[in-house]
Amino acid sequence: MFVARSIAADHKDLIHDVSYDFHGRRMATCSSDQSVKVWDKSENGEWHCTASWKTHSGSVWRVTWAHPEFGQVLASCSFDRTAAVWEEIVGESNDKQRGLSHWIKRTTLVDSRTSVTDVKFAPKHMGLMLTTCSADGVVRIYEAPDVMNLSQWSLQHEISCKLSCSCISWNPSSSRAHPAMFAVGSDDSNVTYGGKVQIYEYNENTRKYAKAETLMTVTDAVHDIAFAPNLGRSFHVLAIATKDVRIFKLVPMRKESTSTGPTKFEVQIVAQFDNHNSQVWRVSWNITSTLLASSGDDGCVRLWKANYMDNWKCTGILKGDGSPLTGSSGQPTAMSTVVGSSVQTSQNALNGMSAGRYFFPPLDPPRAGTRYGHLLPPSSLIEHCDAEPIQPQQQALPHRLSSRALLPLPEAEGQ
Amino acid sequence: MEEVDVEPAVTNIPAASSGTHLGFAWGPGDILVYETLYKCHSFITSRLEFPGTGSGDIHEVRKDEDIYSPILRKLFNESHHIFVGLQTIREDLPSKNKKPQFVSISKNYRSVIRACMEELQQVLQKWQCNMETRYVSILLAIELIWNLCEVLFIDAAPAGSLLLHLLDWVRLHKADVDEKAREVLQSESPAEHRDYWDVVGAAYVLQGRLEEARQMLVKQATLQPAARKMYKQMDTLLSKMPFYNPGGTQTLTEFDVKWRHWHEEVDRCLQDNSFASNKHLELICKILVGDEDTLLEHKDLLSTWYHFLVTRLLFCHPTVKPTELHYYAQSCLTMFLDSRSVPEPLDSILLAAFEFDIHQVIKDCSIALNNWWFVAHLTDLLDHCKLLQSHNLHFGSNLREFLLLEYASGLFTHHSLWQLAVDYFDHCPEFGRVYLELQIERVPLDTERKALKVLRICEQRQMSEQVRSICKIMAMRALRNNRLGSALSWSIRAKDAAFATLISERFLQDYCARGTFSDLDLIDNLGPAMLLSDRLTFLGKYREFHKLYGEKRFREASKLLLSLMTAKIAPRSFWMTLLTDALPLLEQKEVSHHIVRYAVYGLLLSNIKKTSKYSYLRSCNQRIFGFFSGKNNIKDVLII
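Now the structure itself:
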């Protein structure tokens, strides 16, 4: 692997979260500088910042995209005890030309009395639902009943988890075969408080979320949690970032037909890695859940992969080389792009890195800066014929009933 | 199968190496990495508190660009056709009939690799760039391994023909011999060329190309009339060397007897010192007798241990059985390599092949090579040959699927190659469908055309959830851009009643505002799709009413208007418009008077007194009543 390009994010403080949109063509970044930035990928793969605005009055912990079925919608959560929902509005055509977009705040969710630590949209088949969890130990589920009016959100559920919450993950499975389910983790470090990961499940009868399981073996602080896509399997897979990386399998146990309580699970540990030496802060699956990435106190991102016999292994490490580019201003993005692609590749060849396992599909269009860059037409020519035309705004006529285009009636003959 | 522990590859990121964390985000084909600092949330984190941390750069980390080359794209495209062809070979054919098919498919794959390699070489010459020489050597290795697997596993040649196949294999992959020979032959006096003996010795004799060796020797013999007898003797030896003919009537035992006779004769010549006066001819004679020391002294001519192996088999054990191969292979490898040097990955892979350890071959290849193309296609072919099942019943087909899924997932991040991946997923019975579902919904729908392409693929596979989702995304996007027609047709495709209602409402609002309908083509041709939602039905029917009116078919128009009123599907806010539409119709003779009742009914329903258009409505009212007062059936009206 190699660094293909570096992007000067130009946040004035620490970046806390970077989030790709569903199709991987946009990303959002958030920072302690209280702002969120949105980036769009151009045809040639370069990232351009198209919006940057102050979102909160505290550090912004997380930013996340709603499914594109709901339009271009972002949610952010912050130390300022709020979460917010943002929607991009299609701006004036000259804004589009300048490569800028407008995001407006649709709502501020102010129910939490403490820092809102995570924000996630529920799987899309549940409608437009947003979940927050906060340091006061409450998970809140909001719903926008009218997807065309994102200024109205109603607090549907308030679930008290008793322990300070740090992270939340919905089971992404869109199968209607099992009820909606999410896991919540706590970063309370007191091991005597018991399990730090709780699984909640929706109950159709009571219309409430009920605790289905607590992972009793996870007693240390949990910093992140991630359900894997279901892949049509009968069980669920959950990755947890705590003092190590853990992968659990949740196998639903056969339910008695009379029972109306939540599903009980047989919890199996699939893998456990302490390679990060100490705390692990983030875990995340790739699209098909063939790779798990984790970030920890050793300053590395580690990639984990199962072979076809379900043996998990570390297959790659991303590591700082000790040469931080202090301040992003000194490093022009274009420069680092070119240097990144040529030098790094040849280094890999020298180090015999090419004999490594395959993480990323090596197929991509030739980019500017590579040898075949010159084979690409200039980006101005790469125009899709059916791209959305920018239509001149039609002047709306004042509402007048008589202005309709019915034919003038012929004079009534009988009169 | 033992797991080989491979150290994970380390990638350096231009970021601090200690004291900070690396945050990351998965993308479709890459991973974004940035410097950050994680703390429990109860503590505020800011760069201001930790000066010097967090450069603020985000790094896009990708897999090595091994197969980025546009030339390799051809490899993917063409091998895709072969792959699809292979999947359609009928299962029920007796395996005897299938073998030639499998061999020919294997050859097709190899010829694609060869074509790709040649094209790459041309490009390299043209651009004078050595960045991609790596690809050439990777492709060469791939083809070499594949060819050996074809000989050993797919063709599974028995003793006798096995050696012939191995000879072909070595000849094909030591092509520099022909180049050298051409150079010698094209020189003014080939026999005096300094490479002359290398060609005769190495090129021809070592590879068992004895006819060509003899022709070369004739040139030398004419130069040395004195040694004519000696050359004649060598020529006889060469011409008499027996080769097994698999198609012939001769049995392997008969061949073996004949070969031994010949071998003894060569040995006798050596003992007699028949060629002692000519070191070159003596060398050839020693090669013919299979003298190991002599062969090893000429490593440079053999260049690889496997060439040494095949030459040794040719002159010592021409009837080698497949099961004995591993023994010779191992010993040749040990003899050929210095005790110091470590076998390279390619050596181990070939050795594993000679040992018939298919799984080891596949595994070593997936570690050593940087792409799944090779292992996925080879494993698939071997699986079709039923070679993996017999080897290990438990996970034979899983291995195939695992590798195909990896390969296809890789293709999916490419902006055009993803379409090939669809067929690969289709032929993965266990997880192919789910993978396709997960991947295809992530394909960026940059244009309507692309969306339609993705949609078609989903529709063909009855992936209704994805079809719905794509249509909804497109409908939402069109609506956001105020393209109501497009939004409506996408939401009809998505069968999204709620959204269709919403857009129909927009159409009606626009109509009220502008007095015209946009996207008439669409609305006029809704057909049964109109029934998706009440509001859409109303929109379609209302437009129909306009058309009838425009065509002056007043009777039908008023009937339709009446039914629109009675069906109660009109939005409350639209009643006023309907009533206004009814007014001119009332003045038409041929119009049914029922409309009047409903008009009044509607007036009551819409609670006119509360509306701001009270005065206007009152005038309508007066017109309606005035109309009836002249006709004396005001009672009709009052009945309601």
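Same order as they appear, the protein sequences are chains A and B. Here the first sequence is numbered in the numbering used here, starting from 23 and rising by one per residue. Here the second sequence is numbered in the numbering used here, starting from 510 and rising by one per residue. All residues carry an ideal CB built from backbone N, CA and C; glycine is no exception. Bear in mind the structure is a predicted one, so any value in this text is a computation, not a measurement.
Name the chain B residues whose beta carbon is nearer than 7 Å to that of residue i?
i: residue 170/A; result: 1011
i: residue 167/A; result: Per Cβ cutoff of 7 Å: no residues; residue 167/A is ~11 Å from chain B at best.
i: residue 344/A; result: 525, 526
i: residue 322/A; result: 531
Name the residue from the options whose alpha carbon lies nearest to the alpha carbon of residue i.
i: residue 78/A; options: 271/A, 101/A, 91/A, 160/A; result: 101/A
i: residue 1032/B; options: 993/B, 817/B, 689/B; result: 993/B
i: residue 866/B; options: 883/B, 1085/B, 831/B, 847/B; result: 831/B
i: residue 570/B; options: 519/B, 890/B, 546/B; result: 519/B
i: residue 331/A; options: 912/B, 759/B, 892/B, 821/B; result: 912/B
i: residue 337/A; options: 319/A, 314/A, 343/A; result: 314/A
Here's the rule: buried if 16 or more other CB atoms are within 10 angstroms of the residue's CB, otherwise exposed. What is residue i?
i: residue 221/A; result: buried
i: residue 55/A; result: buried
i: residue 887/B; result: buried
i: residue 1040/B; result: exposed
i: residue 252/A; result: buried
i: residue 308/A; result: buried
i: residue 1077/B; result: exposed
i: residue 880/B; result: buried
i: residue 1029/B; result: exposed
i: residue 1081/B; result: exposed
i: residue 733/B; result: exposed
i: residue 1034/B; result: exposed
i: residue 945/B; result: buried
i: residue 285/A; result: buried
i: residue 139/A; result: buried
i: residue 781/B; result: exposed
i: residue 1093/B; result: buried
i: residue 1090/B; result: buried
i: residue 84/A; result: buried
Strictly below 9 Å CB to CB, what residues from chain B border residue i?
i: residue 341/A; result: 519, 520, 521, 522, 524, 526, 531
i: residue 62/A; result: Those do not exist, as residue 62/A stays about 12 Å from chain B at its closest Cβ, beyond 9 Å.
Whole angstroms is fine: what's the gap from residue i's alpha carbon to residue j's?
i: residue 927/B; j: residue 149/A; result: 29 Å
i: residue 897/B; j: residue 606/B; result: 19 Å
i: residue 770/B; j: residue 798/B; result: 12 Å
i: residue 525/B; j: residue 546/B; result: 11 Å
i: residue 394/A; j: residue 237/A; result: Per-residue confidence for residue 394/A stands at a pLDDT of 34, beneath the threshold of 50, marking its modelled position as unreliable; no derived number is given.
i: residue 61/A; j: residue 24/A; result: 21 Å
i: residue 522/B; j: residue 1046/B; result: 59 Å
i: residue 40/A; j: residue 218/A; result: 25 Å
i: residue 938/B; j: residue 882/B; result: 19 Å
i: residue 742/B; j: residue 707/B; result: 20 Å
i: residue 949/B; j: residue 722/B; result: 59 Å
i: residue 834/B; j: residue 679/B; result: 15 Å
i: residue 272/A; j: residue 894/B; result: 38 Å
i: residue 803/B; j: residue 812/B; result: 14 Å
i: residue 934/B; j: residue 621/B; result: 22 Å
Identify the contact partners of residue i in chain B, using a Cβ-Cβ distance below 8 Å as the criterion.
i: residue 308/A; result: 535
i: residue 29/A; result: 566, 567, 568, 569
Note down, in chain order, every chain A residue with its Cβ under 8 Å from the Cβ of residue i.
i: residue 1221/B; result: Nothing about residue 1221/B can be reported from this structure: the residues present for chain B run from 510 to 1149 only.
i: residue 652/B; result: The contacting residues do not exist; residue 652/B stays about 18 Å from chain A at best.
Which residues of chain A have a Cβ atom closer than 7 Å to the Cβ of residue i, listed in chain order?
i: residue 911/B; result: 330
i: residue 989/B; result: 93, 112
Under 9 Å between beta-carbons, which chain A residues line up against residue i? List them in chain order, please.
i: residue 883/B; result: The premise fails here: residue 883/B is roughly 11 Å from chain A at the closest Cβ pair, so nothing lies under 9 Å.
Problem set entry | Chain-ordered residues of the segment 139–160 of chain A with a beta carbon less than 7 Å from chain B | 139, 157
For this session: Using a Cβ-Cβ cut-off of less than 8 Å, list which residues of the segment 227–247 of chain A approach chain B; keep chain order.
Result: 243, 245
For this session: With 9 Å as the limit, tell me which residues of the segment 40–56 of chain A have their beta carbon closer than that to any beta carbon of chain B; keep them in chain order.
Result: 40, 41, 42, 44, 45, 46, 47, 49, 51, 53, 54, 55
For this session: Return the residues of the segment 82–99 of chain A that lie within a Cβ-Cβ distance of less than 9 Å from chain D, sorted by chain order.
Result: Among the protein chains of the structure shown, namely A and B, there is no chain D.
For this session: Taking only beta carbons into account, state which residues of the segment 1031–1052 of chain B come closer than 7 Å to chain A, listed in chain order.
Result: Within the segment 1031–1052 of chain B, no residue has a Cβ that lies closer than 7 Å to any Cβ of chain A.
Exercise. Can you list, in chain order, the residues of the segment 969–983 of chain B whose Cβ is nearer than 8 Å to any Cβ on chain A?
Worked result: 974, 978, 981, 982
For this session: Could you run through the segment 180–192 of chain A and flag, in chain order, every residue whose CB is less than 8 Å away from some CB of chain B?
Result: 186, 188
For this session: Anything in the segment 260–289 of chain A with a Cβ closer than 9 Å to a Cβ of chain B? List those residues in chain order, please.
Result: none
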